[in-house]
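S.K.: Top to bottom, those sequences are chains A and B.
With the first letter of the first sequence counted as 1, position 287 gets the number 287 in the working numbering; the numbers rise by one all the way through.
With the first letter of the second sequence counted as 1, position 177 gets the number 1177 in the working numbering; the numbers rise by one all the way through.
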Amino acid sequence: MSDHHNETFLSKYIFSLDHKMIAKQFLITGMFMGVVGMLMSILFRLQLSNPGESFAVLEWFLGEKWAPGGVLDPNMYLALVTMHGTILIFWVLTAGLTGTFANFLIPLQIGARDMASGFINMLSYWFFFAATVVLLTSLFVETGPAAAGWTIYPPLSALPQAIPGSGLGQDLWLIAMTLFIVSSLLGGLNYIVTILNLRTKGMSMTRLPLVMWALFIVAILGVLSFPVLLSASLLLVFDRTFGTSFYLSDIVIAGEALHHTGGSPILFEHLFWFLGHPEVYIILLPALGIVSEVISVNSRKPIFGYKAMVISLMAIAFLSFIVWGHHMFITGMDPFLGSVFTFTTLLIAIPSAVKVFNYLATLWRGSIRFTPAMLFAIGFVSTFITGGLTGIVLGDSALDINVHDTYFVVGHFHIVMGLSAIYGMFAGVYHWFPKMYGKMMNKKLGYIHFWVTFISAYGVFFPMHFLGLAGLPRRYYSNTAFPMFEGLTNINEIITFFAIVGGIVQVLFIFNFFYSIFYGTKASKNPWGSTTLEWTTPIERIHGNWPGEIPTVKRWAYDYSKPGYDIDFVPQTESLKEGEEEH
Amino acid sequence: MDLNLKNTTYKQLLWIGMASITLFFAGLTSAVIVRSSESGWQDISMPKYFWYSTLVIILGSIFLIISKKTVKSGKNPADYIFLSFVCGVTFAIFQFKGWSSLVEQGKFFVGEGSSPASSFLYVITFAHLIHVIGGLISIFVTYTKSVNLKYSKENYLGIELTSIYWHFLDILWIYLFAFLLYII
């Protein structure tokens, strides 16, 4: 029997316990925050390409206080950079990506009525929502939002009097992040126990679609790494509020020596990056999972090397816990320790390369359908390679020292983590939109969206590597005081141009998304010819997913173009023929 | 959800939650290790009250083990659960006494008499106590349910979950105390 029941507006759309509605809540909130974060980047890009010049748009958005005469205030520049990073990393690519697809896909793909605890699931969203409200509130406080960077390194984050953004804005950032961590932990707990316990009959772990494996491992990463950030934040709050000296020592502000002694800002970096590096994979792994599904479905071929893909996911997750030191090569780290972190970091190239080769092998001689989802999935493979290659440079301590804290780093992580994850997210939205809303998104708009995004994104981040190699430091408000950087202004202008183009084309996606919800072509039950369980549910949304019994699984998730069958896909619910091998 | 599945699911939720809490404390204690290897670290002698609190938190665990055996034999375990609650409250009192003793030694959380070692000592023991308060709430709820005969020898999940969590707090405290004795 299904769990479907009569619902009120509040129970259906607001305080919903249905995993599909909660997924949509995460998605819409994530998209909203994505727009806010992207807009911030365009505003500060204007300053970087045209330092000190007046732009009416800056004054329109930020007001006379933060953009007097249309020129961006330096403190607001730092705040925008900080909030852009925070929003994109945590709000969009962590909660927006995992919150959406874990909630939407886990019960549907494993064959469950809902999550193990619908209530915890609902709480997870509302903690996230509260975190969002608090973070956005910080944009409107007199001293401005947090400005110590998304990494909130002390002393800027630990001394309320350091810069304007170190005041109330930083407090609100910490409150928002605490709420966010609670949301992530609640969500993660639920995802793990749901996958372990609520799989339908026949759905063994080795029959799970790869996106399930990815979301399962991400949830484990989250519940093990976010608490460490919480402990780091707790000590930071004590330093800020009560005057302890965990991270602070021997500081003089405006000629006055502060009382803090004995603290160590490096200690914060250790704790922060113990979360911070797994966080990279918390962002990336769901995208890897989504791309596995989309590439296999649209190549009409089984995913190449299923077991190797699962083992690679596990290896990447494990290694992510023992590489954090590569963010700290220039903190005075013992060179031997640096070489250990170099070794562990470079090891990640092995499972990453396995995944890339398996994607390419899946594509090889496939009957490829270039849907917008597929284009974004292939785009992901592209950025995962190009961004991964520069990761080898940064993972090597001897090379990293030369480009540390330059635009080389900005270019690297935006491509390998930012673009890859956002492409994975777009691929997922285009692919599962028919299941989410029962409608199809417009393909032509999807193609325009992909190509303009793809070209402009490389246009933004590829040249940054050259800026970095030329020594241009990141996070600086202006580089006009340094004659050695004068020749780089043109590159910054090009980057800003592409940033604006890339930003504008996202409006097209948002239009396509909302227009299709209301006026899109009605989707069939299984429009992509997929094998997985979610496509066996009815088009109309019901709480409980299947009207009758939950289907039983009888084969793995990747029987595409299997010899002996007339159609090019065999659903997981179909029994094996006599003498047929599973795969 | 059938009873067996519910038992497994809730226990897994708890185990994963405890793994998460462990990482939180691992973060704090590894911070102590990193900091203590640098210059200016001052050792602190541990208050005797922390030894007493170690004893009562273990005693609380023993009462919860007896509670579980009692309910499995079909009897009402309310009295033993109550005794474990008393142990929990006593643990909290001893922690406060321990902090008072630190203050008497001139080891403060913050201010001129403080040092990174003393600040860490307060933060770690305080963070543990916050988790103990969660355990006390859980024991109290289990006690009231037990008084109202909500448990039987077939259905005693609440007692099991509370016991597991309290044993975890117990082991966590022993680890933290040993760590603090050795490092601070």
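Note that CB positions come from ideal geometry on N, CA and C, so glycine has one too.
Can you tell which of A:Lys301, A:Val354 and A:Gly438 has its C-alpha closest to the C-alpha of Pro563 of chain A?
M.R.: As a first step, residue 563 of chain A must be located in the first sequence, where it is residue number 563. Measuring from the Cα of Pro563 of chain A, the nearest candidate turns out to be A:Lys301.
S.K.: From Ala158 of chain A to Gly332 of chain A, what distance separates their C-alpha atoms?
M.R.: Position 158 of the first sequence, counted from the start, is the residue given in the question as residue 158 of chain A. Position 332 of the first sequence, counted from the start, is the residue given in the question as residue 332 of chain A. Cα-Cα distance, rounded: 21 Å.
S.K.: Return no unless some Cβ of chain B is closer than 8 Å to the Cβ of Ile192 of chain A.
M.R.: On the first sequence, position 192 is the one that residue 192 of chain A refers to. Ile192 of chain A counts as touching chain B.
S.K.: Check the Cβ of Ile1021 of chain B against every Cβ in chain A and list those closer than 8 Å, keeping chain order.
M.R.: Stepping through the second sequence from its first residue, residue 1021 of chain B is reached at position 21. What Ile1021 of chain B touches in chain A: Pro227.
S.K.: Within the same chain, show all residues whose beta-carbon is closer than 6 Å to that of Lys1107 of chain B, passing over the 5 residues directly before and after it, in chain order.
M.R.: Sequence index remark: in the second sequence, residue 1107 of chain B carries index 107 (1-based). Around Lys1107 of chain B: Ile1044 and Ser1118.
S.K.: Determine the extent of the alpha helix (DSSP H) in which Ile283 of chain A is found, giving its start and end residues.
M.R.: Along the first sequence, read from residue 1 onward, the residue named residue 283 of chain A stands at position 283. Looking at the DSSP string, the run of the alpha helix (DSSP H) that includes Ile283 of chain A is Pro265 to Ser299.
S.K.: Report yes if the C-beta distance between Val294 of chain A and His431 of chain A is below 8 Å; otherwise report no.
M.R.: Counting from 1 along the first sequence, the entry for residue 294 of chain A is found at position 294. Counting from 1 along the first sequence, the entry for residue 431 of chain A is found at position 431. A contact, by the Cβ cut-off of 8 Å.
S.K.: Label Thr1142 of chain B either buried or exposed according to how many other C-beta atoms from any shown protein chain fall within 10 Å of its C-beta, with 16 as the threshold for buried.
M.R.: As a first step, residue 1142 of chain B must be located in the second sequence, where it is residue number 142. When all chains shown are included, Thr1142 of chain B counts as buried.
S.K.: Find the nearest neighbour of Tyr477 of chain A within the set A:Asn6, A:Gln25 and A:Tyr77, judged by alpha-carbon distance.
M.R.: Counting from one through the first sequence, the residue named residue 477 of chain A turns up at place 477. Per the Cα distances, A:Tyr77.
S.K.: Apart from the five residues on each side of it in sequence, which residues of its chain come closer than 7 Å, Cβ to Cβ, to Pro620 of chain A?
M.R.: A query on residue 620 of chain A cannot be resolved here, the shown segment of chain A reaching from 1 to 583 and no further.
S.K.: Hey, which unbroken runs of the beta strand (DSSP E) at 3 residues or more fall wholly within the segment 297-342 of chain A?
M.R.: none
S.K.: DSSP state of Gly118 of chain A, grouped into three classes?
M.R.: Taking the first residue of the first sequence as 1, we reach residue 118 of chain A at position 118. Three-state result, Gly118 of chain A: helix.
S.K.: Against chain B, does Ala130 of chain A count as a neighbour if the rule is that its beta carbon must be under 8 Å from one of theirs?
M.R.: One-based indexing of the first sequence puts residue 130 of chain A at position 130. Taking CB atoms only, Ala130 of chain A has no neighbour in chain B less than 8 Å away.
S.K.: Would you call Gly167 of chain A buried or exposed, if buried means 16 or more other Cβ atoms sit within 10 Å of its Cβ?
M.R.: Residue mapping note: residue 167 of chain A aligns to position 167 of the first sequence, counting from 1. Label assigned to Gly167 of chain A: buried.
S.K.: Since I believe Ser516 of chain A is in contact with Phe433 of chain A (beta carbons under 8 Å), could you give me their beta-carbon distance rounded to a whole number of angstroms?
M.R.: Within the first sequence, residue 433 of chain A is the residue found at index 433, counting from 1. Within the first sequence, residue 516 of chain A is the residue found at index 516, counting from 1. The pair is a contact, with the Cβ atoms about 7 Å apart (cut-off 8 Å).
S.K.: Beta-carbon of Leu189 of chain A versus every beta-carbon of chain B: anything under 8 Å?
M.R.: In the first sequence, counting from the first residue as 1, residue 189 of chain A sits at position 189. Yes, its Cβ sits closer than 8 Å to a Cβ of chain B.
S.K.: Compute the beta-carbon to beta-carbon distance between Ser296 of chain A and Thr342 of chain A, rounded to the nearest angstrom, for a pair I have assumed lies under 8 Å.
M.R.: Position 296 of the first sequence, counted from the first residue, corresponds to residue 296 of chain A. Position 342 of the first sequence, counted from the first residue, corresponds to residue 342 of chain A. Their Cβ separation, rounded to whole angstroms, is 35 Å, which puts Ser296 of chain A and Thr342 of chain A out of contact at 8 Å.
S.K.: I believe Leu105 of chain A touches Glu534 of chain A by the beta-carbon criterion, under 8 Å. Please report the beta-carbon distance rounded to the nearest angstrom.
M.R.: Taking the first sequence and counting its residues from 1, one reaches residue 105 of chain A at position 105. Taking the first sequence and counting its residues from 1, one reaches residue 534 of chain A at position 534. That pair is a contact at about 7 Å.
S.K.: Starting from Phe242 of chain A, find everything on chain B with Cβ-Cβ shorter than 8 Å and list it in chain order.
M.R.: If you number the first sequence from 1, residue 242 of chain A lands on position 242. Phe1109 and Val1110, listed in chain order.
S.K.: If you draw a straight line from the C-alpha of Gly69 of chain A to the C-alpha of Ile42 of chain A, how long is it?
M.R.: The count along the first sequence starts at 1 and reaches residue 69 of chain A at position 69. The count along the first sequence starts at 1 and reaches residue 42 of chain A at position 42. Approximately 18 Å between the Cα atoms of the pair.
S.K.: For a test of the three-state rule: what should DSSP assign to Pro473 of chain A, helix, strand or coil?
M.R.: The residue given as residue 473 of chain A occupies position 473 in the first sequence. Reduced to three states, the DSSP call for Pro473 of chain A is strand.
S.K.: How about Val1123 of chain B: is its C-beta nearer than 8 Å to some C-beta of chain A?
M.R.: Your numbering for residue 1123 of chain B matches position 123 in the second sequence. So, interface residue.
S.K.: Could you tell me whether the segment 465-476 of chain A touches the segment 437-452 of chain A, where touching means 3 or more Cβ pairs closer than 8 Å?
M.R.: no
S.K.: Would Thr531 of chain A and Asp559 of chain A be called neighbours here (beta carbons separated by less than 8 Å)?
M.R.: Numbered from its first residue, the first sequence carries residue 531 of chain A at position 531. Numbered from its first residue, the first sequence carries residue 559 of chain A at position 559. Yes.
S.K.: Under 9 Å between beta-carbons, which chain B residues line up against Leu196 of chain A? List them in chain order, please.
M.R.: In the first sequence, the residue the question calls residue 196 of chain A occupies position 196. In chain order: Thr1008, Thr1009 and Gln1012.
S.K.: Per DSSP, which one or two residues make a beta bridge with Phe1108 of chain B?
M.R.: Counting from 1 along the second sequence, the entry for residue 1108 of chain B is found at position 108. BP columns for Phe1108 of chain B point to B:Ser1114.
S.K.: Pull up the distance between the alpha-carbon of Ile539 of chain A and that of Gly438 of chain A, whole angstroms please.
M.R.: As a working note, residue 539 of chain A is residue 539 in the first sequence. As a working note, residue 438 of chain A is residue 438 in the first sequence. Roughly 6 Å separates the two Cα atoms.
S.K.: Thinking just about the alpha-carbon of each residue, which of A:Leu46, A:Ile87 and A:Trp91 is nearest to the one in Asp73 of chain A?
M.R.: Stepping through the first sequence from its first residue, residue 73 of chain A is reached at position 73. Closest by alpha carbon: A:Leu46.
S.K.: How is the alpha helix (DSSP H) around Lys65 of chain A delimited, first residue to last?
M.R.: Here residue 65 of chain A is taken as the residue at index 65 of the first sequence, counted from 1. Per DSSP, Lys65 of chain A belongs to the alpha helix (DSSP H) from Ala56 to Trp66.
S.K.: Once you ignore the five residues that flank Ile87 of chain A on each side, which residues in its own chain have a CB closer than 7 Å to its CB?
M.R.: Along the first sequence, one-based indexing puts residue 87 of chain A at 87. Correct list, in chain order: Met33, Val36 and Gly37.
S.K.: Count the other CB atoms within 10 Å of the CB of His84 of chain A; is the residue buried (16 or more) or exposed (fewer)?
M.R.: The residue given as residue 84 of chain A occupies position 84 in the first sequence. Buried is the call here.
S.K.: How about Pro527 of chain A and Met440 of chain A: do their beta carbons lie closer than 8 Å?
M.R.: The sequence position of residue 527 of chain A within the first sequence is 527, counting from 1. The sequence position of residue 440 of chain A within the first sequence is 440, counting from 1. Yes, they are a contact pair.
S.K.: List the residues of chain B that Gly262 of chain A touches, going by C-beta distances under 7 Å, in chain order.
M.R.: The sequence position of residue 262 of chain A within the first sequence is 262, counting from 1. Ordered by position in chain B, the residues that pass the 7 Å Cβ test against Gly262 of chain A are Gly1040, Ser1115 and Pro1116.
S.K.: Who are the Cβ neighbours of Ile1183 of chain B in its own chain at under 6 Å, not counting the five residues just before and after it?
M.R.: Reading the second sequence from its first residue, position 183 is the one you call residue 1183 of chain B. Only Val1032 and Ser1036 meet the Cβ criterion.
S.K.: Express the C-alpha separation of Ile1065 of chain B and Tyr1151 of chain B in angstroms, rounding to a whole number.
M.R.: Numbered from 1 along the second sequence, position 151 holds the residue referred to as residue 1151 of chain B. Numbered from 1 along the second sequence, position 65 holds the residue referred to as residue 1065 of chain B. Cα to Cα, Tyr1151 of chain B sits roughly 15 Å from Ile1065 of chain B.
S.K.: Between the Cα of Gly586 of chain A and the Cα atoms of A:Asn479, A:Leu10 and A:Gly387, which residue gives the shortest distance?
M.R.: Here chain A has residues from 1 to 583 only, and residue 586 of chain A is not among them.
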